[in-house]
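A.B. asks:
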Amino acid sequence: MNPLNHVAIIMDGNGRWGLKNKNSRNAGHRAGINTVEKIIKETIRNNIKFLTLYAFSTENWKRPKKEIKFLFNLLENFLKNKIEDLNKQKIKLKIIGKKNFSTKLNKLLKTSEKKTHKNKKLQINLALNYGSKTELINAFKELKKKREIINEKNFKKYLQTKNIPDPEILIRTGNTKRLSNFLLWQLAYSEIFFEKKLWPDFNEKDYSKIIKKYKNIKRNFGKI
Ligand code: IPE
Ligand code: IPE
Ligand code: MG
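All residue numbers for the sequence shown refer to my numbering, where the first residue is 1042 and numbers rise by one.
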């Protein structure tokens, strides 16, 4: 059975779910929070140590201001209400992506990371204002600045996922088959699962099925 340390998820389909069920994209974003909580629980139940959630991409700034504002309010409320609970569950929160939001949100993100940084049960990497191309370019810049030899080992030190094993599984919900600038380096050898369901409809059972399927895949890594 394949080992499993890290699951990465592109949580897609909130907007469509909201429009279909409540006539509002934002209602879909709100509903998506429940799925996040379900998936965190199931990740812990499976003793998986890293969960990376794509919540806002560098490209998502192209959305209407009102939707962006709603998303960040939602995040703020989620953290305010849940950080104590996450901490009690021994969850470590790490933000990947550039924290250039309002002063208030930047502060809340930093204090949430600080509060939970010693926790060892599960590390959640929340990708916020994250874009893989920016991450890669920054890593190259660092290598150049430090005049280090360009090799895999040195390069990885400057990725935002430094010290985190690459995801064995990538899940994208929402019936779309693309990576949308997510973890391009880290996903080089991941098993990819594209899910038809929209994120608010995705549940523990769907997740468990994927995990079970993954465990029995023959992973070659170039060998036979
Ligand atoms: C993903 O859901 C969440 C974010 C990008 C914030 P979408 O909002 O992209 O939902 P669809 O794809 O429009 O349905
Ligand atoms: C990817 O979803 C980003 C997140 C889930 C945060 P998008 O809905 O933004 O991706 P595209 O634009 O359809 O590729
Ligand atoms: Mg989308």
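Even glycine gets a Cβ: it sits at the ideal position worked out from N, Cα and C.
(1) When the distance is taken between beta carbons, is Ile1050 closer than 8 Å to Leu1112?
(2) Comparing alpha-carbon positions, which option in Leu1200, Trp1226, Ile1265 and Glu1245 lies nearest Asn1179?
(3) Confirm, please, whether the CB-CB distance from Lys1135 to Glu1117 is below 8 Å.
(4) How long is the line joining the alpha carbons of Lys1203 and Leu1060, rounded to whole angstroms?
(5) Report the start-end ranges of each beta strand (DSSP E) in the segment 1088–1149 that is 3 residues or longer and not cut off at the edges.
(6) Is there contact between the segment 1069–1088 and the segment 1236–1255, where contact requires at least three CB pairs shorter than 8 Å?
(7) In the DSSP assignment, what are the bridge partners of Gln1201?
(8) Give the DSSP-derived three-state secondary structure of Tyr1230 in the structure shown.
(9) So what's Arg1188 in DSSP terms, helix, strand or just coil?
(10) Mapping DSSP to helix, strand and coil, what is Asn1261?
(11) Considering Cα atoms alone, identify which of Lys1194, Ala1229 and Ile1205 is closest to Phe1262.
(12) For a test of the three-state rule: what should DSSP assign to His1070, helix, strand or coil?
C.D. replies: Checking against the coordinates, here is how it stands:
(1) In the sequence shown, residue 1112 corresponds to position 71, counting from 1. In the sequence shown, residue 1050 corresponds to position 9, counting from 1. No. Outside cutoff.
(2) The residue labelled residue 1179 in the question sits at position 138 within the sequence shown. That would be Leu1200, whose Cα lies nearest to the Cα of Asn1179.
(3) Numbered from 1 along the sequence shown, position 76 holds the residue referred to as residue 1117. Numbered from 1 along the sequence shown, position 94 holds the residue referred to as residue 1135. The answer is no: Cβ separation not under 8 Å.
(4) Numbered from 1 along the sequence shown, position 162 holds the residue referred to as residue 1203. Numbered from 1 along the sequence shown, position 19 holds the residue referred to as residue 1060. Distance between the alpha carbons of Lys1203 and Leu1060 is about 38 Å.
(5) 1091–1098 and 1132–1137
(6) yes
(7) Indexing the sequence shown from 1 puts residue 1201 at position 160. Per DSSP, none; premise fails for Gln1201.
(8) As a first step, residue 1230 is located in the sequence shown; it is residue number 189 there, counting from the start. Of the three classes helix, strand and coil, the one that applies to Tyr1230 here is coil, per DSSP.
(9) Within the sequence shown, the letter at position 147 stands for residue 1188. Looking at Arg1188 - three-state DSSP - the assignment turns out to be coil, as it is neither helix nor strand.
(10) Taking the sequence shown and counting its residues from 1, one reaches residue 1261 at position 220. Residue state, collapsed to three classes: coil.
(11) Looking up residue 1262 in the sequence shown gives position 221. Taking Phe1262 as reference, the option from Lys1194, Ala1229 and Ile1205 with the minimal CA-CA separation is Ala1229.
(12) In the sequence shown, residue 1070 corresponds to position 29, counting from 1. If DSSP states are grouped into helix, strand and coil, His1070 belongs with the helices.
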